[in-house]
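Asks: Mind looking over this structure? Questions follow.
Number of protein chains: 2
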Amino acid sequence: MSKNVRVVVDAMGGDNAPGEIVKGALSALGTQKNLTLVFVGRQKPIEAELKKYTYDAGRVETVFAEEVIEMAESPVAAIKKKKDSSIVVGLRMIKNGEADAFVSAGSTGAVLAGGQLIVGRLKGVERPPLAPLIPTNKGVSLLIDCGANVDARASWLVQYAKMGSIYMKHVVGIKNPRVAIVNIGAEEEKGNALVKETIPLLKECTDIQFIGSIEARDIPNGAADVIVCEAFVGNVILKLYEGTCSMLLREVKKTLLGSLRTKIGAVLIKPALKKTLTSFDASQYGGAPMLGLKGLVVKTHGSSKAIEVEHSIIQCVNFSKQKINEKISRQLAAGQTAE
Amino acid sequence: MSKNVRVVVDAMGGDNAPGEIVKGALSALGTQKNLTLVFVGRQKPIEAELKKYTYDAGRVETVFAEEVIEMAESPVAAIKKKKDSSIVVGLRMIKNGEADAFVSAGSTGAVLAGGQLIVGRLKGVERPPLAPLIPTNKGVSLLIDCGANVDARASWLVQYAKMGSIYMKHVVGIKNPRVAIVNIGAEEEKGNALVKETIPLLKECTDIQFIGSIEARDIPNGAADVIVCEAFVGNVILKLYEGTCSMLLREVKKTLLGSLRTKIGAVLIKPALKKTLTSFDASQYGGAPMLGLKGLVVKTHGSSKAIEVEHSIIQCVNFSKQKINEKISRQLAAGQTAE
Chain V
0 MSKNVRVVVD AMGGDNAPGE IVKGALSALG TQKNLTLVFV GRQKPIEAEL KKYTYDAGRV
60 ETVFAEEVIE MAESPVAAIK KKKDSSIVVG LRMIKNGEAD AFVSAGSTGA VLAGGQLIVG
120 RLKGVERPPL APLIPTNKGV SLLIDCGANV DARASWLVQY AKMGSIYMKH VVGIKNPRVA
180 IVNIGAEEEK GNALVKETIP LLKECTDIQF IGSIEARDIP NGAADVIVCE AFVGNVILKL
240 YEGTCSMLLR EVKKTLLGSL RTKIGAVLIK PALKKTLTSF DASQYGGAPM LGLKGLVVKT
300 HGSSKAIEVE HSIIQCVNFS KQKINEKISR QLAAGQTAE
Chain H
0 MSKNVRVVVD AMGGDNAPGE IVKGALSALG TQKNLTLVFV GRQKPIEAEL KKYTYDAGRV
60 ETVFAEEVIE MAESPVAAIK KKKDSSIVVG LRMIKNGEAD AFVSAGSTGA VLAGGQLIVG
120 RLKGVERPPL APLIPTNKGV SLLIDCGANV DARASWLVQY AKMGSIYMKH VVGIKNPRVA
180 IVNIGAEEEK GNALVKETIP LLKECTDIQF IGSIEARDIP NGAADVIVCE AFVGNVILKL
240 YEGTCSMLLR EVKKTLLGSL RTKIGAVLIK PALKKTLTSF DASQYGGAPM LGLKGLVVKT
300 HGSSKAIEVE HSIIQCVNFS KQKINEKISR QLAAGQTAE
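Protein sequence lines, in the order shown, are assigned to chains V and H. Okay, so the first sequence: first residue is 0 according to numbering that gives the first Met the number 0, each after it adds one. Okay, so the second sequence: first residue is 0 according to numbering that gives the first Met the number 0, each after it adds one.
Set out below in structure tokens:
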């Protein structure tokens, strides 16, 4: 049938590399029949990890790259200097059409810079945004852009809205995704200069369902499927949301273990509470795709465990199968107006 | 001894006016000996509410204003048109030196616009920010600016840092407040154009303790006492933080009431859990002061109950006693450099 989706996995990126990375990737391999994995990184640690598992060796390849880009390095400089790093070698493979997708838990800056500089943008895409799925009490929403392009222009945000809609429709399966722009009030006259300039442009788009402004307080309630914002604001939203959830859950846990009385209560509520809390665990939804590139680049949390890596790779398979990039190219070309 | 602090209370503002407003204000009157209240708003409802309580009538005055500015009205237009509204009449009293502070749960836009247009700025203040206290797992932090001046300039943010430091030191009692700027990474080269321009200016300030960038995920952990940001970002932080806390607590509650087993557990943990959750209830800390005006204007949540109104008024008393405006004027004048 159709050829396998080839996903390059950065075996060296993140706090738990290579152990959790290899483990998660091989889990995905077990459930995805049309998947081939290409581990990129240092030979010794990769081979040592692979030895621990039994897997379909015909669908696992390795490409060795002995340099590693550290979190503290300047992203652009590192990309240019460390030609034999797992990130650069992996992204080159996407650029050269040797693979469909690249997944990394490494330096966000380096992955983003490399995505733009090495892989390159799809024709018609002004800026490729980073677009994670975030959990809400109704399911998930796509937050786009959460850190790729600060000081954005209105036209970039309009493209984010379109690319985000395509992603939510075809990868996540939301029929007619509701698109909203992050704003500081629901009224028309509210907003900063960028938002005020963008709203009329979004209203003109006939290929998305634009529902207007969303206030940040409504994000956790799933009030929109695609949440459009400038990268600085998006990054603040993503990090504050994650930080608040984890702090509050820590506080609740601390309370439950505070006394004998609460400890007994905790035993009774633990299974139910765990289920609730797991649904707000971002790692359940895989990493953040960078949309609009000639290929797919997915950035997972630096703290990624196997489960997040696994879900990110499954996401890559869906993305490829659904031919998202063809859909993005077609839709952006159709919406092109003379400037 | 010293003359009473005169606080004008907008009896008509907010979802629970005038009932909760009058109740909360009279509670504050009971504990603050040097406080005089001036209720402003419609005569009939105010008098009807006041009749329900016993209080020191010598320290309660009323000023009647029959118009009400609605939430949906354009703020600036409403301020200019409705001269006999509780907000305009109340702010005029501050402008004219007839009272020290104005507290309102009414239209945020109208209160902010009125603060600037009617009360006016202290000499040397470029823009007056809105600066609420937000709960963290270590206490409270001041978020400045959370909605007054979008598309800010670097010099405004520097003044926010100074005004916020004074507030945290003298009203909240933090000895040497740690000031941080909201950013999308801890590294020096991170940020948007505004943040990159502001950081070197903050580093030069010798009258504050600037500790660098703060990522949004560290805000709930109390990583800084004064959190400086542009109004759009601040508004997103405030609303997302409130929205996430309330959504998660709702989900936890729902889980606790989900089955007989969890209900029994809930009985055991309820008192302890309630204590934990109350510490993240923003209303415990009163409303948001608008700093840098010739007088004090405090905006409380539209949904304010008596407790928030009470705490806001106590905040006004401390603000006045500590002569915060004199301190702001002095410090900004000292830090003035030729432009």
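Yeah, the Cβ is synthetic: ideal placement off N, Cα and C, and Gly gets one too. Bear in mind the structure is a predicted one, so any value in this text is a computation, not a measurement.
In chain H, which residues lie with their C-beta within 8 angstroms of the C-beta of V:S258?
Replies: Residue mapping note: residue 258 of chain V aligns to position 259 of the first sequence, counting from 1. By Cβ distance, chain H contributes A271.
Asks: Measure the alpha-carbon distance for V:R249 versus H:A77 and round it to whole angstroms.
Replies: Stepping through the first sequence from its first residue, residue 249 of chain V is reached at position 250. Stepping through the second sequence from its first residue, residue 77 of chain H is reached at position 78. The alpha-carbon atoms of V:R249 and H:A77 are separated by roughly 45 angstroms.
Asks: Name, in chain order, the residues that DSSP records as bridge partners for V:M289.
Replies: Counted from its first residue, the first sequence places residue 289 of chain V at position 290. The partner list for V:M289 (beta bridge, DSSP) reads V:L129 and V:V296.
Asks: To the nearest angstrom, how far is the alpha carbon of H:S319 from that of H:Q158?
Replies: Counting from one through the second sequence, the residue named residue 319 of chain H turns up at place 320. Counting from one through the second sequence, the residue named residue 158 of chain H turns up at place 159. Those two C-alpha atoms are separated by around 20 angstroms.
Asks: Short of 8 angstroms Cβ to Cβ, which residues in the stretch 158-172 of chain V face chain H?
Replies: Answer in chain order: no residues at all.
Asks: DSSP puts H:S106 in a beta bridge; with which residues?
Replies: Working through the second sequence from its first residue, we reach residue 106 of chain H at position 107. The partner list for H:S106 (beta bridge, DSSP) is empty, contrary to what the question assumes.
Asks: Based on the DSSP output, what are the partners of H:L36 in its beta bridges?
Replies: What you label residue 36 of chain H is simply residue 37 of the second sequence in a count that begins at 1. H:L36 pairs with H:V6 and H:V59.
Asks: Can you grab the Cα-Cα spacing for the pair V:G105 / V:A147, in whole Å?
Replies: As a position in the first sequence, residue 105 of chain V is number 106, starting the count at 1. As a position in the first sequence, residue 147 of chain V is number 148, starting the count at 1. Those two C-alpha atoms are separated by around 15 angstroms.
Asks: Between which two residues does the beta strand (DSSP E) containing V:A215 stretch?
Replies: As a first step, residue 215 of chain V must be located in the first sequence, where it is residue number 216. Element bounds for V:A215: n/a, residue is neither H nor E.
Asks: Suppose the cutoff is 7 angstroms on Cβ atoms and the five residues either side in sequence are ignored; what does the same chain contact list for H:P16 look like?
Replies: Against the second sequence, residue 16 of chain H aligns to sequence position 17. According to the sequence shown, residue 16 of chain H is Ala rather than Pro. These residues qualify, in order along the chain: A10 and A104.
Asks: Count the other CB atoms, across all protein chains shown, that sit within 10 Å of the CB of H:N33; report buried if there are 16 or more and exposed otherwise.
Replies: One-based indexing of the second sequence puts residue 33 of chain H at position 34. It counts as exposed.
Asks: Does DSSP put H:L267 in a helix, a strand or coil?
Replies: Here residue 267 of chain H refers to the residue found at position 268 of the second sequence. Of the three classes helix, strand and coil, the one that applies to H:L267 here is helix, per DSSP.
Asks: On the criterion of 16 or more Cβ atoms from any shown chain inside 10 Å, does H:R260 qualify as buried, or is it exposed?
Replies: Walking along the second sequence from the start, residue 260 of chain H turns up at place 261. Exposed, by the Cβ-count rule.
Asks: Sort H:E307, H:N220, H:I207 and H:N3 by Cα distance to H:K168 and report the nearest one.
Replies: Taking the second sequence and counting its residues from 1, the one referred to as residue 168 of chain H is at position 169. When only C-alpha atoms are compared, the closest one is H:I207.
Asks: Can you list, in chain order, the residues of its chain whose CB lies under 6 angstroms from that of H:C228, leaving out five sequence neighbours each side?
Replies: Stepping through the second sequence from its first residue, residue 228 of chain H is reached at position 229. Contacts found: V181.
Asks: Check the Cβ of V:D150 against every Cβ in chain H and list those closer than 8 angstroms, keeping chain order.
Replies: In the first sequence, the residue the question calls residue 150 of chain V occupies position 151. In chain order: N191 and A192.
Asks: Going by C-alpha to C-alpha distance, which of V:V59, V:R5, V:N3 and V:V4 sits closest to V:K22?
Replies: On the first sequence, position 23 is the one that residue 22 of chain V refers to. Minimum Cα distance to V:K22 is reached at V:V59.
Asks: Does H:Y54 have its Cβ less than 8 angstroms from a Cβ in chain V?
Replies: Locating residue 54 of chain H in the second sequence gives position 55, where the first residue counts as 1. H:Y54 does not count as touching chain V.
Asks: Mind checking if H:R216 is an interface residue toward chain V, Cβ cutoff 8 angstroms exclusive?
Replies: Taking the first residue of the second sequence as 1, we reach residue 216 of chain H at position 217. Answer yes: the Cβ-Cβ gap between H:R216 and chain V drops below 8 angstroms somewhere.
Asks: What does the alpha-carbon distance come out to for the pair V:I45 and V:V6?
Replies: Along the first sequence, one-based indexing puts residue 45 of chain V at 46. Along the first sequence, one-based indexing puts residue 6 of chain V at 7. Cα to Cα, V:I45 sits roughly 16 angstroms from V:V6.
Asks: Of the choices H:F279, H:G138 and H:K94, whose alpha-carbon is the least far from that of H:L121?
Replies: Sequence index remark: in the second sequence, residue 121 of chain H carries index 122 (1-based). If we check each option's Cα against that of H:L121, H:K94 comes out closest.
Asks: Cα-Cα, which of H:E309, H:F63 and H:G291 is closest to H:A332?
Replies: Numbered from 1 along the second sequence, position 333 holds the residue referred to as residue 332 of chain H. When each option's Cα is compared against that of H:A332, the closest is H:G291.
Asks: Along chain V, which residues have their Cβ under 8 angstroms away from the Cβ of H:M289?
Replies: Taking the first residue of the second sequence as position 1, residue 289 of chain H is located at position 290. The contacting residues do not exist; H:M289 stays about 16 angstroms from chain V at best.
Asks: According to DSSP, simplified to helix, strand and coil, what is H:P134?
Replies: Along the second sequence, one-based indexing puts residue 134 of chain H at 135. The answer is strand: DSSP assigns H:P134 an E or B state.
Asks: Using a Cβ-Cβ distance cut-off of 8 angstroms, determine whether H:T277 contacts chain V.
Replies: The sequence position of residue 277 of chain H within the second sequence is 278, counting from 1. Judged by the 8 angstroms Cβ criterion, H:T277 is not in contact with chain V.
Asks: Straight-line CA distance for H:V149 to H:I327?
Replies: In the second sequence, the residue the question calls residue 149 of chain H occupies position 150. In the second sequence, the residue the question calls residue 327 of chain H occupies position 328. Roughly 22 angstroms between the two C-alpha positions.
Asks: Check whether the Cβ of V:V251 lies closer than 8 angstroms to any Cβ atom in chain H.
Replies: Within the first sequence, the letter at position 252 stands for residue 251 of chain V. Judged by the 8 angstroms Cβ criterion, V:V251 is in contact with chain H.
Asks: To the nearest angstrom, how far is it from the Cα of H:V4 to the Cα of H:T35?
Replies: Residue numbering aside, residue 4 of chain H sits at position 5 when the second sequence is read from its first letter. Residue numbering aside, residue 35 of chain H sits at position 36 when the second sequence is read from its first letter. In a straight line, the C-alpha of H:V4 is about 6 angstroms away from that of H:T35.
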